[in-house]
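Chains as they are written, first to last, in the UniProt record's numbering: chain P, 1 to 187; chain G, 1 to 187.
Beta carbons: idealized from backbone N, C-alpha and C, even for Gly.
None of the values given here were measured: they were computed from a predicted structure.
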DNA sequence: GCAAAATAGTTTAAGGTTAAAAGAAATTGC
DNA sequence: GCAATTTCTTTTAACCTTAAACTATTTTGC
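Here you go:
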């Protein structure tokens, strides 16, 4: 508005996406929209670079990241749980990564319904390169924020996370345990 | 790990998704993963409730939110820009919403390539209800975080946003203008 | 005027995503 | 033992999403 030209090619971010009446000045809503904007901005750029640089996608990268931490392989179900996506989703992702020769799957001997997946040697190499680049990219994108601010942000986001989890979970002791005890290692 | 049981049904969030070597303790990476966790947690819950309560989806809600702020209608291209999604994406969303009778589209007289979309009366009503609920949901999810912390978080996320935009955009004067001048209204 | 370029949208091919239904194998409870 | 249940995974139908190719229309540059 303050600029005359109709900003012909400027995208508009999520903070203006969900409109619901500007008179509704709830802090919560503004916070959520800004959080969403930040996450989308970063995620979109990471996806773009993964595609451009490694011709791969974020879900594939995520899946391989899980496998990298489980050298002995991992069951599909566990994978789906850790990635927080549906079983069917994992089925498809695994299929494509096997196709690419980056991971391998193998039916469990003890339980013939279950299947183990793990990185292939080539998959491990490929992932190492991607993880390095990924880490650099994130550091680059956040470089404008002083390290102290980053730490403060991280800390407050921890509280936010607890708030959200608290509001979502059935309030059962299970969720509480998970949040408090396993906190940052596996929340 | 600190808990004996294998946590049979506990999902694991994004902070453990991208694994790249735990010895890499970059603050940036940890911050990004936590940010992603928070955003995903909230977004998933909002999507779930939109489906459960209104039998709709977040993209549809977003689209209607844009239309609500443009009572005189809006061009598809402008819509796609504001939503930060591709043209083709908007084509499909509009199609479905027209089908549902929530929006209407109309070819422009002056430019027969262009099409205007706007909310129908029923669409406006429906959206009003959804927006109210949406606002309440967000407030509920964030309720555990003191209002002062929310404001602080919002403020720091503003800096983060600038950092990311600065790192992404070609550094041209256009991007700078957009970021500084239009700041929160339409960045 | 009119050919070339730019612009507005749609289509297509590929992939990610889910919920729900279904299939196959293992466990459980008599 | 074996029927009922649970568990692990795949399939299906629907949607969201994009990049690239394509169509239709308008503008621009002579």
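- Taking a C-beta cut-off of 7 Å against chain G, the contacting residues of the segment 138–150 of chain P are 138, 139, 140, 141, 142, 143, 144, 145, 147, 149, 150, listed in chain order.
- Looking only at P:111, P:43, P:119, the smallest Cα-Cα distance to residue 99 of chain P is reached by P:119.
- Look at residue 94 of chain P: its C-beta is not under 9 Å from any C-beta on chain G.
- Close partners of residue 159 of chain P in chain G (Cβ separation under 9 Å): 144, 145, 146, 149, 153.
- Contact note: residue 37 of chain G reaches chain P through 161, using a C-beta cutoff of 7 Å and chain order.
- Using a Cβ-Cβ distance cut-off of 8 Å, the segment 67–84 of chain P and the segment 106–118 of chain P are in contact, since at least three pairs of beta carbons, one from each stretch, lie closer than that value.
- In the DSSP assignment, residue 95 of chain G is bridged to no other residue.
- If the five residues before and after residue 114 of chain P are omitted, its C-beta is found closer than 8 Å to the C-beta atoms of 75, 76, 77, 107, 108, all from its own chain and listed in chain order.
- In the DSSP assignment, residue 107 of chain G is bridged to G:115.
- Counting other Cβ atoms within 10 Å of its Cβ, residue 62 of chain P reaches 16 or more and is therefore classed as buried.
- Between residue 167 of chain P and the set G:153, G:137, G:149, G:159, the nearest pair of CA atoms involves G:137.
- Excluding its 5 nearest sequence neighbours in each direction, residue 124 of chain G has C-beta neighbours in its own chain below 8 Å: 68, listed in chain order.
- Per the Cβ contact rule, the segment 40–48 of chain P is not in contact with the segment 78–93 of chain P (fewer than 3 Cβ pairs under 8 Å).
- Between the alpha carbons of residue 148 of chain P and residue 144 of chain G lies a gap of roughly 24 Å.
- Assignment of beta-bridge partners to residue 74 of chain G by DSSP yields G:117.
- For residue 30 of chain G, at least one C-beta of chain P is nearer than 9 Å to its own C-beta.
- Distance from the CA atom of residue 31 of chain G to the CA atom of residue 56 of chain P, rounded to whole angstroms, is 23 Å.
- Taking residue 146 of chain G as reference, the option from P:130, P:116, P:158, P:81 with the minimal CA-CA separation is P:158.
- If one requires a minimum length of 4 residues, the alpha helix (DSSP H) runs lying completely within the segment 129–179 of chain G are 147–168, 173–177, in chain order.
- Looking at the backbone, the Cα of residue 133 of chain P and that of residue 29 of chain G are separated by about 12 Å.
- In terms of beta-carbon proximity, residue 40 of chain P lines the interface with chain G, with at least one pair separated by less than 9 Å.
- In the DSSP annotation of this structure, the continuous segment of the alpha helix (DSSP H) that includes residue 68 of chain G starts and ends at 58–68.
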